[in-house]
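Everything in the sequence shown is counted per the numbering used here, starting at 141 for the first residue and increasing by one. C-beta atoms are modelled at their ideal positions from N, C-alpha and C, and glycine is treated no differently. From a predicted model like this one, the values you see are computed outputs, not experimental measurements. Taking it in order: structure first as structure tokens, then the write-up.
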Amino acid sequence: MSIDRMFTWSFQQIQRTNTLFKRYLYNQLDWNARLNIIVGMRGVGKTTMMLQHAREHLPFDNSVIYISIDDIYFTTNSLIDFAEEFNKRGGKYLLIDEVQKYEGWSREVKMIYDNFPEIQIIVSGSSAIEILKGEGDLSRRAIINRLQGLSFREFIELKYQQPFPVWTLSEILKNPVEKAFLIANKIKPIKLFEEYIQAGYYPFAVEDERNFQQRMMQIINTIIESDIPAVNSIDYNAVLKMKKLLGIIAESVPFKPNITKLANQLSLSRETFLKYLQLLAKADIISLMYSSVKGVSALNKPEKIYLNNPNIAYLLADSNANTGNIRETFFMNQLQHIHNVEYPVKGDFLVDETYTFEVGGKNKTTQQIAGIENAYVVADNIEIPVGNKIPLWMFGFLY
141 MSIDRMFTWS FQQIQRTNTL FKRYLYNQLD WNARLNIIVG MRGVGKTTMM LQHAREHLPF
201 DNSVIYISID DIYFTTNSLI DFAEEFNKRG GKYLLIDEVQ KYEGWSREVK MIYDNFPEIQ
261 IIVSGSSAIE ILKGEGDLSR RAIINRLQGL SFREFIELKY QQPFPVWTLS EILKNPVEKA
321 FLIANKIKPI KLFEEYIQAG YYPFAVEDER NFQQRMMQII NTIIESDIPA VNSIDYNAVL
381 KMKKLLGIIA ESVPFKPNIT KLANQLSLSR ETFLKYLQLL AKADIISLMY SSVKGVSALN
441 KPEKIYLNNP NIAYLLADSN ANTGNIRETF FMNQLQHIHN VEYPVKGDFL VDETYTFEVG
501 GKNKTTQQIA GIENAYVVAD NIEIPVGNKI PLWMFGFLY
């Protein structure tokens, strides 16, 4: 397969990319950096973002190429040899997709960076665990950018073409009533929020809702069966144990794990069990919350386990998805990548060691957080805030 054929394919991919909707990270990313690495779960829109940048800001000529490591070319040719040929042809912008599938990718990307200073490199990898595992060599050279799934705000813009501004957490807490009315005057937030938590975290769910669950299950299986074993040298038996662990988590999240009991249930040592939890968390399948009370045991034992986002919760729990679990999962998901979220002595969440949140239904009272400074109730199924009670959906506008 010739490089000429890869140029043709690259032009086609760039040209057919829709640039109407852009993810939150698009305008935050420093596209002028020599080496950008974009990580995130499969299906959150990393490829689209790279191609949008190429279409809108890079020359439409042979100085730019978008390649996927899936390409059959890389079964018999190395990445560094490709870059050398690209450089000879006047290449300036090299966009590499699915880089985690290339063994030794971080060493060769480092070589491209060092040997061809005129080439700007943008790399994406679907499996954060693999990217970050190979990050060592590149830590001083690369800017690592993590892409989340859609926020509730982004979902509304993508599906209903209704854009709204991003709010910071302090802005929401300072003036929630005014902000809630701003949204509620234009859309029905509770109705759209129901859609979002079931099938709105991944852009492909909005584009193809009918096949969403099937594709989601394929993604989760690929991560557990292929991505994790490729990097962590675990065998098929370990894959089966990890799937069983995910099944146990899905039935009971969010829950306070009894590590010893669960490890015994899976015939695993405590150390191996905790390792599996970390692997699933790094792969964006689950989220781990640790205690705000610092201590030796708090370093490795999570206080609470969640599925990563409500869409996964609905997928794995099916009709048994617990409303309370879904609420907490959403709150954790939307805050954890921007803020430090811990398990408090009282309440459900302690954010940035300052704000305490109790999450519940519309009739939830402040009883459990009484007497705590900077404490709020986050309530589902309410449109407008009342006192210290803030609608859950508003926390979907943080990015």
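Asked                                                                                                                    : Found
Proximal residues to alanine 390 (C-beta, below 6 Å), its chain only, five neighbours per side dropped                   : Leu456 and Ala457
beta-carbon isoleucine 177 near the ligand FMN non-hydrogen atom, thresh 7 Å                                             : This structure simply doesn't include the ligand FMN, nor any ligand for that matter.
Beta bridge counterpart(s) of lysine 241 as assigned by DSSP                                                             : For lysine 241, which the question treats as bridged, DSSP gives no partner whatsoever.
Exposure of glutamate 248, with buried meaning 16 or more beta-carbon neighbours within 10 Å                             : buried
Endpoints, the alpha helix (DSSP H) within which serine 291 is located                                                   : Segment: none, serine 291 is in no alpha helix (DSSP H) and carries neither H nor E.
Residue interval of the alpha helix (DSSP H) (run including glycine 387)                                                 : 376-392
Under the three-state DSSP convention, the category valine 346 falls into                                                : helix
Run of the alpha helix (DSSP H) containing proline 397, from where it starts to where it stops                           : Run containing proline 397: none; DSSP gives neither H nor E here.
Exposed unless 16 or more other CB atoms sit within 10 angstroms - verdict on leucine 331                                : Reading off the sequence shown, one finds lysine at residue 331, where the question assumed leucine. The residue is exposed, with fewer than 16 neighbouring Cβ atoms inside 10 Å.
Start and end residues, beta strand (DSSP E) containing valine 491                                                       : 489-491
Spatial distance of methionine 146 from glutamine 155 (CA atoms)                                                         : 14 Å
Cβ neighbour criterion (16 or more within 10 Å) applied to alanine 510                                                   : exposed
For phenylalanine 352 and glycine 464, the rounded distance between their alpha carbons                                  : 23 Å
Cβ-Cβ separation, isoleucine 337 to phenylalanine 470 (assumed contact under 8 Å), whole Å                               : 6 Å
Glutamine 476 vs leucine 538 beta-carbon contact at 8 Å                                                                  : no
Span separating the alpha-carbon of isoleucine 409 from that of lysine 441                                               : The sequence given here has serine at residue 409, not isoleucine. The alpha-carbon atoms of serine 409 and lysine 441 are separated by roughly 14 Å.
Beta-carbon proximity of valine 393 to isoleucine 445, cut-off 8 Å                                                       : yes
Secondary structure of tyrosine 336, DSSP reduced to three states                                                        : helix
Backbone CA spacing between leucine 428 and glutamate 493 [nearest angstrom]                                             : 17 Å
Simplified DSSP state of asparagine 503, which is helix, strand or coil                                                  : coil
Residues near lysine 396 by beta carbon distance below 7 Å, same chain, minus five either side                           : Glu443 and Lys444
Option in Ile452, Gln260, Phe295 and Ala403 with minimal Cα separation from asparagine 176                               : Gln260
Beta-carbon proximity list for isoleucine 524, same chain, < 6 Å, skipping 5 on both sides                               : Ala320
As assigned by DSSP and simplified to three states, the class of glycine 265                                             : strand
Close-in-space but distant-in-sequence residues of the same chain around arginine 163 (CB under 6 Å, 5 per side omitted) : Gly185 and Met189
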